[in-house]
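Heads up, the thing below is written out as structure tokens.
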Amino acid sequence: MARKAAVTPVLSPSGEASLAMLAGVGPAVAAKLQARGLATLQDLWLHLPLRYEDRTRLTRIEDLRNGVPAQVEVRVVAVERGMRYRPMLKVAVEDEGQGTLVLRFFHFRQQQVGQFAVGNRLRCFGTPKPGHLGLEIVHPSYQVLGRNDDPELGDRLDPVYPTVEGVGPMTMRKLIGQALDRLPEESTLELLPSGWLDGLGLPSLRSALLTVHRPPPDADLAALAAGTHPAQRRLAMEELLAHHLSLRRQRIALQAHHAPPLAGPGKLAKALLKQLPFALTGAQARVFKQIREDLARPSPMLRLVQGDVGSGKTVVAALAAMLAVEQGKQVALAAPTELLAEQHLNNLRGWLEPLGVRIAWLAGKVTGKARAKVMEQVANGEAQVVVGTHALMQEAVVFQDLALAIVDEQHRFGVHQRLALRDKGAGGNSVPHQLVMTATPIPRTLAMSEYADLDVSAIDELPPGRTPVQTVALNNDRRPELIERIALACQEGRQVYWVCTLIEESEELDATPAQATYESLQALLPGVRVGLVHGRLKAAEKLATMVAFKAGEIDLLVATTVIEVGVDVPNASLMVIENAERLGLAQLHQLRGRVGRGSAVSRCVLLYQAPLSQMARERLQTMRETNDGFVIAEKDLELRGPGELLGTRQTGLAGFRIADLARDAGLLPGVHDLAERLLAQQPALADRVVQRWIGTAVRYASA
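Take the sequence shown: its position 210, counting from 1, is numbered 209 in numbering that gives the first Met the number 0, and each next residue is one higher.
If you want it as structure tokens, here you go:
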């Protein structure tokens with residue numbers, strides 16, 4: 000009988016096989032595995048151990064060390080059942096060296112009690128900890144040995160896998176063992192040319208998988224625990240490569256579209272520069288030159304401009320907008336909040352209207368006839384620069400000829416909103432150029448991996464005259480001193496932010512709620528005008544309070560972290576961040592950036608609750624030592640990983656299965672070079688690498 004044609008393999012001919020083919024996987028177990036994202040043999044191959052247990056040797060009780068897992072062979076000398084607070088079973092054991100140890104069980108069955116008859120021999124594995132009677136092991140794994148049994152020790156380290164609800168660890172180990180027995184030969188499994196791997200000093204994929212799942216007794220346990228073993232680095236490298244290729248392919252696909260070239264003399268941009276009351280910094284001039292070169296091409300620009308708070312990104316965006324307006328095209332600038340959008344609107348009106356540029360405002364609060372009029376101006380081209388919020392991205396908003404879309408703090412927009420703005424070009428195969436701005440400095444590591452679909456520019460220089468914010472960390476016990484300092488600042492005509500991390504009391508977190516802080520400060524500072532803003536207020540209420548603060552009608556603003564982005568109040572010179580130990584470095588830095596925007600010396604007080612964890616201590620120390628957002632971003636990546644820094648960029652890239660951007664940063668240059676070589680020389684192979692690790696999931700990285 001003729002054989003059926005084989006389906007084009009993804010990882011290998013067997014990699015996509017269902018787990019139902021494994022012994023012990025019925026419908027119930029399959030459903031539990033599926034709930035954890037484990038559906039194929041390939042999924043089990045890439046379900047890596049969390050840690051390893053060394054059962055290849057026995058340790059004498061006298062040589063046991065607190066907190067170090069070990070295996071012992073012992074004899075039961077006493078058993079005691081208790082019922083103090085809950086059922087408990089204590090088993091006293093000793094080994095041939097007369098060392099004694101207690102095995103303690105809180106969850107046990109009657110059948111187990113019978114296994115611990117005095118005189119029985121056991122082989123136990125667990126982590127010793129100090130107890131009332133010396134060292135003890137709570138819930139060890141154990142094996143009952145016959146009187147003359149002397150089973151062989153293991154010949155490799157035992158992997159411990161992430162738990163899957165409803166599937167026991169022993170079952171999981173057996174299933175992965177079956178999956179590994181079906182691992183194809185090298186020639187079938189390996190996608191990367193062997194010469195390229197040799198250049199990186201890494202093993203083949205098959206060798207790496209077998210080493211990680213079945214490490215030999217002499218394997219470097221410390222390297223495996225740290226994730227730096229060559230086998231783990233091989234897997235991380237290919238995962239990073241797949242994600243990099245995915246982003247680069249998206250960029251290549253976007254480049255296939257047409258965008259209106261915006262080359263010209265730049266008369267409007269020159270006129271804007273001439274009337275500005277300040278000169279561009281070297282960094283601003285450099286980034287504008289990069290943008291201008293991009294815009295002159297007939298393919299879409301996709302550039303991310305990152306710069307610290309106050310570095311002057313908006314001016315650079317305005318200059319780019321002038322290049323489009325000069326060519327008779329339209330520009331859209333979208334910001335995530337009305338407050339930030341209105342701030343951009345006011346800046347652009349001040350800079351551009353004297354040049355005769357027509358600016359329109361389209362936000363949620365623009366309604367009725369006013370909204371209809373703006374929509375008409377956008378549609379007929381009368382509005383040359385349109386500023387707004389997510390309202391710009393609604394389907395009803397039609398541009399006559401949109402050539403440049405500027406998105407501020409893009410990670411705060413939903414994916415489909417960003418795609419909607421990109422799709423508002425002139426129709427057909429033409430898309431607008433895209434300029435993305437963020438005040439969250441991005442470490443070079445992240446820029447090389449997560450933003451491989453973008454050209455990245457950095458405005459890494461603050462305008463002259465800006466004084467660095469002085470930062471101190473203060474124990475909450477010294478709160479009364481701080482309140483006296485606030486009273487003094489307000490008497491001097493300065494304004495103050497007091498940032499709380501929660502809105503109301505929580506049973507889980509002992510964090511002071513904004514409402515209670517607001518009421519307390521009102522009582523303690525009777526001569527001070529106190530305002531309150533938090534995320535649960537209606538947008539109009541939040542905006543009214545912020546406008547009053549900016550106008551100097553409020554002295555002290557109690558707020559949650561909603562003020563993290565976009566508020567510009569030059570008279571505010573003191574920032575208090577309560578429960579600062581609960582926030583990450585990137586967020587602390589963004590909040591601190593709300594002060595220091597005027598000429599007065601500004602201070603940021605990090606109010607914390609003792610005792611501090613080691614990570615919290617490092618964060619506060621970093622904040623005290625530097626105002627450089629790029630230094631802070633690198634430290635934040637080191638401490639917390641990429642997820643926090645990327646926010647809700649929604650590419651899914653921060654959720655690596657194996658790779659860790661902070662740990663594996665050294666692989667990225669090689670990954671970048673390998674990706675470019677694959678795309679240029681073997682694009683079909685590049686597709687297979689992406690398919691192996693990412694599959695056909697929709698990618699939004701270039702949205």
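All C-beta atoms in this analysis are idealised placements derived from N, C-alpha and C, irrespective of residue type, glycine included.
| query | result |
| --- | --- |
| Counting only runs that start and end within the segment 80-153, where is the alpha helix (DSSP H) found for 4 or more residues in a row? | 109-114 |
| Using alpha carbons as the reference points, say which of I576, Q329, V430, L391 lies closest to E381. | Q329 |
| Locate the alpha helix (DSSP H) running through D672, then write down its first and last residues. | 667-680 |
| For T39, list the residues DSSP reports as bridge partners. | S17 |
| Would you identify the three-state DSSP class for T719, choosing helix, strand or coil? | Examination of residue 719 is not possible in this model, given that the chain is present from 0 through 702 alone. |
| On a Cα-Cα basis, can you pick out the residue from S456, A22, L536 that is closest to Q283? | S456 |
| Counting only the same chain and skipping the five closest in sequence on each side, list residues whose C-beta sits under 8 Å from that of V430. | L253, H256, H257, A258, P299, R421, D422, G424 |
| Take L481 and list the residues in its own chain whose beta-carbon comes closer than 8 Å to its own, dropping the five residues that flank it on each side. | L473, V575, V604, L606 |
| Which runs of the alpha helix (DSSP H) fall wholly inside the segment 575-615 and span at least 4 residues, in chain order? | 584-591 |
| Classify H131: buried if its beta carbon has 16 or more other beta carbons within 10 angstroms, exposed otherwise. | exposed |
| What do you get for H228, buried or exposed, if any count of 16 or more other CB atoms within 10 angstroms of its CB means buried? | buried |
| In whole angstroms, what is the alpha-carbon distance linking P569 and G597? | 4 Å |
| For S186, count neighbouring C-beta atoms within 10 Å of its own C-beta (all shown protein chains included) and say buried if the count is 16 or more, exposed if not. | exposed |
| Based on the DSSP secondary-structure assignment, which residues constitute the bridge partners of E72? | R122 |
| Express the C-alpha separation of T210 and Q469 in angstroms, rounding to a whole number. | 51 Å |
| With 16 as the cutoff for other CB atoms within 10 Å, does G526 come out buried or exposed? | exposed |
| Please state if the CB of A270 and the CB of L403 are separated by a distance shorter than 9 Å. | no |
| Quick one: give me the first and last residue of the beta strand (DSSP E) that M436 is part of. | 432-437 |
| Suppose contacts are defined by Cβ-Cβ distances below 9 Å. Is K173 in contact with G23 by that definition? | yes |
| In the DSSP output, what is R618 paired with across the bridge? | According to DSSP, which records beta bridges pairwise, R618 is partnered with nothing at all. |
| Have a look at L673, P353, G595, S140 and flag the residue whose alpha-carbon is nearest the alpha-carbon of T466. | G595 |
| So, helix, strand or coil for T336, using DSSP? | coil |
| By DSSP, does D686 sit in helix, in strand, or in coil? | helix |
| Rounded to a whole number of angstroms, what is the C-alpha to C-alpha distance between E189 and L182? | 11 Å |
| Hey, how far is the Cα of V406 from the Cα of L391? | 11 Å |
| Verify whether the separation of the beta carbon atoms of L156 and P216 is less than 9 Å. | yes |
| In the DSSP output, what is V385 paired with across the bridge? | A331, A359 |
| Among all the DSSP beta bridges, which residues are the ones paired with R302? | L434, D454 |
| Does the segment 141-158 come close enough to the segment 121-130 to have 3 or more Cβ pairs within less than 8 Å? | yes |
| Does DSSP put L47 in a helix, a strand or coil? | coil |
| Going by beta carbon distance, what residues of the same chain come within less than 6 Å of E637, once the five residues before and after it are set aside? | A661 |
| Have a look at D28 and V159 and give me their C-alpha separation to the nearest angstrom. | Sequence check: residue 28 is Val here, not Asp. Cα to Cα, the separation comes out at about 19 Å. |
| Can you name, in chain order, every residue of its own chain whose Cβ lies under 6 Å from the Cβ of R250, other than the five neighbours on each side? | D452 |
| Taking the alpha helix (DSSP H) that G200 belongs to, which residues open and close that run? | From DSSP, G200 is part of no alpha helix (DSSP H); its letter is neither H nor E. |
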